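In this text, residue positions in the sequence shown follow our numbering: the first is 20, and each later residue adds one. Just so you know, even glycine gets a beta-carbon here, dropped at the ideal spot from N, CA and C. Computed from a predicted model, the values in this text were never measured in an experiment. In what follows, a single structure is set out as structure tokens and then discussed.
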Amino acid sequence: MPGLTAMMALAWAPSSSVNLRFGSGGGRKAASAMPLVKKSSSAHLLGRSRAWAATTAATAACDEQQPQTMELLRRLGEDGWVEEHMLSLLTPVAEAWQPADLLPAFAATAEEQRSQVAELQARAAGVPDDLLVCLVGNMVTEEGLPTYMTMANRVRGIDDATGCDGHGWARWLRGWTAEENRHGDALNRYLYLCGRVDMRQVERTVHHLLRGGMRTLEPSCPFHGFIYVAFQERATFVSHARTARRAALHGDACLAKLCGAVAADEKRHEAAYTRAVARCFEADPDAAVRALAAVMRAKVTMPGELMTDGRDENLFDHFAAVAQRVGLYTAADYGDMVEHFVRRWGVAELGGLSGEGRRAQDYVCGLPRKIRRMEQLAHDRTAQKEAQSVSFSWVFDRPVRLH
Ligand SMILES: [Fe+2]
Ligand SMILES: [Fe+2]
């Protein structure tokens, strides 16, 4: 998820430039990328508060079904469903990659250590600043993991009450967290060793993000959380996989391998949450489609949305704009992602829905077309603008083009 990045995100950003957002969060910016149409900040805030109100109403509707939903999920966690369909997707610890496998190991002689680091730095020298900025943004998002685990554990019915509960959901959450924890570690260590970024500024950004938290839907309806995270995992997979490809093109095989390993994890996580949502659709299609519409109306924003380095108030928007320009995560990806999940969960084929359920179904099924239209408009407007750059403290204040 994190990265949930670097992943999942797409919110209509409030900045003056095209923005990318990964599907999690609300507020200033987003974690998947999504071009935004320029709006005044007051208009943006108004729009966001309306979306929030709509989502809150949907959450309230979901709350009415809370007892049934909680009972369904509790059963899945105890009758072996989570174990069979989700825990089976986690990699056993003995077989899992660790950051030390992908970076200089420091197990050899001092001379060999120096040689390994020198080789890493030589390869990293060819990575352009825009890709570095995207990498840092993704890494910072991954480092927000304590927030994401805390958020996930607030969902009633599936929480890990003692911290070492034995039911399926608790084991999944801890196992997922353990796999995710390697992502921030691995990217952080690569960035530290490569010598290309201002680590103090990067670390300050992580510190700020953990203090700032993230804005998301109230975790009262588990369906919302599963849907959101399914989007996030897919967005982060896309972003890390493309970073890997670009790193390889620039001659950094170490970074390519590292991001490829992270992307493969995100893909498994996406599969797990996609199965969970599919099970929700199977058990209660009306509640599930309304939950999907609620998440979409609230905009899928990114988990790292509240990141700041203490200098740039629009840091996330700027990072997202660079990701969009570089093509690591774009508005088009968001449209594709909505279409993918609508198809995967058979939303268009659902029958026997309530009036509200049918309205949610129509809304969701029409969304990819709307997103693509917005994307085209944003693209046309951006094409008419003069190139704009901003300085990123992450790369020692060097300017990086936004569009
Ligand atoms: Fe993930
Ligand atoms: Fe991750």
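Asked, Found
"DSSP beta-bridge partners of R391", "None; R391 has no bridge partner."
"Coil, strand or helix - R417 by DSSP", "strand"
"Proximity test, E328 beta-carbon vs ligand 1 heavy atom, cut-off 8 Å", "Looking at the sequence provided, one finds Asp at residue 328 rather than Glu. Not under cutoff, so the answer is no."
"Integer-rounded CB distance, given that T235 should sit under 8 Å from M170", "6 Å"
"E179 classed as buried or exposed, judged by whether at least 16 other C-beta atoms fall within 10 angstroms", "A quick correction: the sequence has Asp, not Glu, at residue 179. Flag for D179 reads buried."
"Start and end residues, beta strand (DSSP E) containing V361", "Premise fails: V361 lies in the alpha helix (DSSP H), 350 to 363, not in any beta strand (DSSP E)."
"Nearest residue (CA-CA) to F335, options V248, I177, A267, V221", "V221"
"CB of S408 within 9 Å of CB of V419, strictly", "yes"
"Residue from T327, Y292, V366 whose Cα sits closest to the Cα of M233", "T327"
"Whether W188 touches G96 by CB criterion (9 Å)", "yes"
"Start-to-end residues for the beta strand (DSSP E) that takes in S410", "408 to 411"
"Reduced DSSP category for R69 - H, G, I as helix; E, B as strand; rest coil", "Confidence at R69 is low in this model, with a pLDDT of 38, below 50, so the placement of that residue is unreliable and no value is reported for it."
"Coarse secondary structure for E301, derived from DSSP in three states", "helix"
"Alpha carbon of R287 to alpha carbon of V174, nearest angstrom", "22 Å"
"Where M233 falls: helix, strand or coil (DSSP)", "coil"
"Neighbourhood of R466 by C-beta, 7 Å cutoff - its chain only, sequence neighbours within 5 removed", "Nothing can be reported for residue 466: it is not among the residues displayed for the chain, which extend from 20 to 422."
"Residues near P241 by beta carbon distance below 7 Å, same chain, minus five either side", "T88, L92, V174, G176, I177"
"Check: E324 C-beta below 8 Å from any heavy atom of ligand 2", "no"
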